[in-house]
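Participant: This is the structure I have questions about; it appears just below.
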Amino acid sequence: MTKQVLRICGEHDNAPDALLEILHKAQEEHGFLTKDTLVEIARALNISRADIHGIVSFYDDFRREPTAGPCIKICRAEACQAVGGEDLTAHVKGSGVDTHDVYCLGNCALGPAVMIDDVLYGRVDAQKFDTLLKARS
Amino acid sequence: MGDTTTIYVPCDAAALSVGADDVAQAIEQEAKQRGVEIQIIRNGSRGMLWLEPLVEVVTPKGRMAYGPVAPHNVESLFDLGFLDGNDHILSHGLTEAIPYFASQERLTFARCGVIDPLSIEDYEDHGGLWGLRRATGMAPEEIVDVVTKSGLRGRGGAGFPTGIKWKTALEQNADQKYICANADEGDSGTFADRMLMEGDPFSLLEGMTIAGLATGATIGYIYIRSEYPQAVKTIRRAVEIWQNSYLFEDPDYTFDIHVRVGAGAYICGEETSMLESIEGKRGQIKVKPPIPAIEGLFGKPTIINNILTLASVPTIMNKGWVHYENYGQGRSRGTQPFQLGGDIKRGGLVEKAFGVTLKQLVEDFGGGTRSGKPVRTVQAGGPLGAYIPASEFDVEMDYEKLAEAGAMLGHGGLVVFNEDVNMAKQARFAMKFCEVESCGKCTPCRIGSVRGKETLDKIISGKDVEDNLVLLEDICELMTDGSLCAMGGLTPMPVRSAIKHFGSDFKG
Numbered sequence: 000m001t002k003q004v005l006r007i008c009g010e011h012d013n014a015p016d017a018l019l020e021i022l023h024k025a026q027e028e029h030g031f032l033t034k035d036t037l038v039e040i041a042r043a044l045n046i047s048r049a050d051i052h053g054i055v056s057f058y059d060d061f062r063r064e065p066t067a068g069p070c071i072k073i074c075r076a077e078a079c080q081a082v083g084g085e086d087l088t089a090h091v092k093g094s095g096v097d098t099h100d101v102y103c104l105g106n107c108a109l110g111p112a113v114m115i116d117d118v119l120y121g122r123v124d125a126q127k128f129d130t131l132l133k134a135r136s
Numbered sequence: 000m001g002d003t004t005t006i007y008v009p010c011d012a013a014a015l016s017v018g019a020d021d022v023a024q025a026i027e028q029e030a031k032q033r034g035v036e037i038q039i040i041r042n043g044s045r046g047m048l049w050l051e052p053l054v055e056v057v058t059p060k061g062r063m064a065y066g067p068v069a070p071h072n073v074e075s076l077f078d079l080g081f082l083d084g085n086d087h088i089l090s091h092g093l094t095e096a097i098p099y100f101a102s103q104e105r106l107t108f109a110r111c112g113v114i115d116p117l118s119i120e121d122y123e124d125h126g127g128l129w130g131l132r133r134a135t136g137m138a139p140e141e142i143v144d145v146v147t148k149s150g151l152r153g154r155g156g157a158g159f160p161t162g163i164k165w166k167t168a169l170e171q172n173a174d175q176k177y178i179c180a181n182a183d184e185g186d187s188g189t190f191a192d193r194m195l196m197e198g199d200p201f202s203l204l205e206g207m208t209i210a211g212l213a214t215g216a217t218i219g220y221i222y223i224r225s226e227y228p229q230a231v232k233t234i235r236r237a238v239e240i241w242q243n244s245y246l247f248e249d250p251d252y253t254f255d256i257h258v259r260v261g262a263g264a265y266i267c268g269e270e271t272s273m274l275e276s277i278e279g280k281r282g283q284i285k286v287k288p289p290i291p292a293i294e295g296l297f298g299k300p301t302i303i304n305n306i307l308t309l310a311s312v313p314t315i316m317n318k319g320w321v322h323y324e325n326y327g328q329g330r331s332r333g334t335q336p337f338q339l340g341g342d343i344k345r346g347g348l349v350e351k352a353f354g355v356t357l358k359q360l361v362e363d364f365g366g367g368t369r370s371g372k373p374v375r376t377v378q379a380g381g382p383l384g385a386y387i388p389a390s391e392f393d394v395e396m397d398y399e400k401l402a403e404a405g406a407m408l409g410h411g412g413l414v415v416f417n418e419d420v421n422m423a424k425q426a427r428f429a430m431k432f433c434e435v436e437s438c439g440k441c442t443p444c445r446i447g448s449v450r451g452k453e454t455l456d457k458i459i460s461g462k463d464v465e466d467n468l469v470l471l472e473d474i475c476e477l478m479t480d481g482s483l484c485a486m487g488g489l490t491p492m493p494v495r496s497a498i499k500h501f502g503s504d505f506k507g
């Protein structure tokens, strides 16, 4: 992993202001951010481990632990609430898969909206969600 | 090949979310099987989202619309001759004659859904680049003057006059200035920035470049939220094309554009928080002054504008400020891209001059609810905006008229709720949203939101309702007056409007 992390940092000139880009890339390649990865990035960018911890814990996107299965983002915001988003959420959470609550996926005219591994779906009801999940597993 | 038919299938995220890729693939396969020559162009969305995936076929009469198309419709579309524009159960005639589209006033979104988003030739053929060409021949002061006179105000929500902001940055003496395009479009009910970035990205890049010429900035950043991967992909590609285009053959003239992707923090749409995030830090807001136009990114003068603001500039420069200023009313000049979402029959993007009524938008354009139930309320301007009751839908949509009505325009998002909505729960959600998304810097926002949510829980469960409503109002007052930014400062707006207009929902 060290080589990979150093390469990613190098691609961004080891610039501290590119930290979010670096974290995104490291997470994309490895699935989540390990403690070692963060230490290596901190060293390459010459920032403190406390700083990088503060940043990683501030942003919802960054994961410190691996997730089981696909990354499922479910929209909990008003436009999806207005078309049954909460019923869908109850169904999804009840089915025992790992999900992340997000507030708006920008698909507000075609809600309820769900994003699975960066692929956006609209007009999702319980049945459609189950079909989507089955197709991925 | 004279008999190749051109077909448009959108690659807008909303269209993709309901299967546009599958439709494009099905059309390609069907054409191959039948030995028919076709060319598929992946355009942006026209904004008629209830018709997505909306397939358009180029015919001698014009572009004919079919939608919403599912892969299983493709065979019958070919059978009935959609390549010649023939009728089908899914046909809507000429796209541009569809009343929803025809009665709009599209200035900012003039090209969105029309062109191939990544073809700079197509962009230029449809009026692109002319604004920049005019600006290149002008002094910075003249550009700022045109933008000021156009009456353009910040479309991100605050409505600050764009020309004044630009003038402030222009007047600063600095070795480096920046233009930051704010695409952290986090408000629920809004998707105009996303649609524009996916459908007409060059208009944003042209607007940023003009802003650079006007203020002396040579570096631009586009900050896009991570929930928009399709927009990120399109913008990255567009920036590459733009930077390599012939425009930049002049070695003395550079404007570098960088793309930064957010990481799931709503607060980063607040301008000082966004700057922190671009610098690779926690997205905590900063106290103003100094304002960013004087001391912004990396401590240098920085213009932060919304995507729609910047994308409106090329048209203003090309057609002149009078043309833009002619639209609108009062101190709200030009057009606003309204976004219809939630429980709405015909959801999508409607660009109209300021002054259109909420009723026209929700009923004439939107056609009422998708569920068929009566409309109870519309939340205007995102999660920090007011709930407007159906009895007040005659309100004219401009900055001042909405403020008079105790509401706000925000980024132009309109979320429709039917009669089933419980407004006490919506008020609770407003506080909860603030609790989740607060950056934690100031106490009224960080703690007020938690106490507000707890107080609403008590009200909902019927505990000391009268006393708790008094306490809630106290919390709202404190958050409004004491918060450092609009997050805590405006969270009370939906709460108070819900209590004011729907008091019966707060009886426990």
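In order, the protein sequence lines correspond to chains A and B. Numbering that gives the first Met the number 0 puts the first sequence at residues 0 to 136. Numbering that gives the first Met the number 0 puts the second sequence at residues 0 to 507. No residue lacks a Cβ here, since even glycine has one placed at the ideal position from N, Cα and C.
Rounded C-beta distance between Asn417 of chain B and Pro373 of chain B? I'm assuming under 8 Å.
Facilitator: 7 Å between Cβ atoms; contact.
Participant: Against chain A, does Met0 of chain B count as a neighbour if the rule is that its beta carbon must be under 9 Å from one of theirs?
Facilitator: Note that Met0 of chain B scores a pLDDT of 45, beneath 50, so its modelled location is shaky; the value from the coordinates is reported in the next line. No - not a single Cβ of chain A is within 9 Å of the one on Met0 of chain B.
Participant: Would a check of beta-carbon distances place Thr98 of chain A closer than 9 Å to chain B?
Facilitator: no
Participant: At least one CB of chain A closer than 9 Å to the CB of Pro382 of chain B: is that the case?
Facilitator: yes
Participant: Just confirm the distance between the C-beta atoms of Thr308 of chain B and Gly158 of chain B, as a whole number of angstroms; I'd bet it's less than 8 Å.
Facilitator: With 8 Å as the limit, Thr308 of chain B and Gly158 of chain B do not qualify as a contact, their Cβ atoms being about 10 Å apart.
Participant: Is DSSP giving Leu339 of chain B helix, strand or coil here?
Facilitator: Under the three-state reduction of DSSP, Leu339 of chain B is assigned to strand.
Participant: Checking the sheet assignment: what are the DSSP bridge partners for Phe518 of chain B?
Facilitator: What is shown of chain B runs 0 to 507, which leaves residue 518 of chain B out entirely.
Participant: Could you confirm whether any beta carbon from chain A is found closer than 9 Å to the beta carbon of Gln328 of chain B?
Facilitator: no
Participant: Would you call the stretch 196 to 209 of chain B and the stretch 221 to 240 of chain B touching, i.e. three or more CB-CB distances under 8 Å?
Facilitator: yes
Participant: Within 9 Å of any Cβ in chain B, is that where the Cβ of Leu32 of chain A sits?
Facilitator: Not an interface residue.
Participant: Does Trp320 of chain B have its Cβ less than 9 Å from a Cβ in chain A?
Facilitator: no
Participant: Grouping DSSP H, G and I as helix and E and B as strand, with all else coil, what is His87 of chain B?
Facilitator: coil
Participant: Mapping DSSP to helix, strand and coil, what is Gly327 of chain B?
Facilitator: The answer is strand: DSSP assigns Gly327 of chain B an E or B state.
Participant: Measuring straight from C-alpha to C-alpha, what distance separates His90 of chain A and Gln175 of chain B?
Facilitator: Rounded to the nearest whole angstrom, the CA to CA distance from His90 of chain A to Gln175 of chain B is 52 Å.
Participant: How would you label Gln28 of chain B, buried or exposed, when you count the other beta carbons within 10 angstroms and need 16 or more for buried?
Facilitator: exposed
Participant: Could you tell me which of A:Tyr102, A:Asp117, A:Gly83 sits nearest to Ala125 of chain A, measuring between CA atoms?
Facilitator: A:Gly83
Participant: With a threshold of 16 other CB atoms inside 10 Å of the CB of Ser136 of chain A, please say whether the residue is buried or exposed.
Facilitator: exposed
Participant: Which residues in chain A sit within 8 Å of Gln378 of chain B, going by Cβ to Cβ distance?
Facilitator: Glu77
Participant: Between His23 of chain A and chain B, is the shortest Cβ-Cβ distance under 9 Å, so that the two count as touching?
Facilitator: yes
Participant: Using a Cβ distance threshold of 8 Å, determine whether the stretch 432 to 439 of chain B contacts the stretch 216 to 231 of chain B, with at least three qualifying pairs required.
Facilitator: By the Cβ criterion, the stretch 432 to 439 of chain B is not in contact with the stretch 216 to 231 of chain B, since fewer than three pairs of Cβ atoms, one from each stretch, lie closer than 8 Å.
Participant: Apart from the five residues on each side of it in sequence, which residues of its chain come closer than 6 Å, Cβ to Cβ, to Gly61 of chain B?
Facilitator: Leu93
Participant: Out of B:Pro443, B:Arg281, B:Leu195, which one is the CA nearest neighbour of Asp59 of chain A?
Facilitator: B:Arg281
Participant: Which residues does DSSP list as the beta-bridge partners of Asp116 of chain A?
Facilitator: Bridge partners of Asp116 of chain A: none, in fact.
Participant: Assuming the contact rule is C-beta atoms closer than 8 Å, Pro52 of chain B and Val8 of chain B should be a hit. Round their C-beta distance to whole Å, please.
Facilitator: 6 Å
Participant: Less than 9 Å separating the beta-carbons of Gly508 of chain B and Cys433 of chain B?
Facilitator: Outside the displayed range of chain B (0 to 507) lies residue 508 of chain B, so it cannot be described from this structure.
Participant: For the alpha helix (DSSP H) containing Asp192 of chain B, name the first residue and the last one.
Facilitator: 191 to 198
Participant: Can you find a CB in chain B that lies within less than 9 Å of the CB of Lys72 of chain A?
Facilitator: yes
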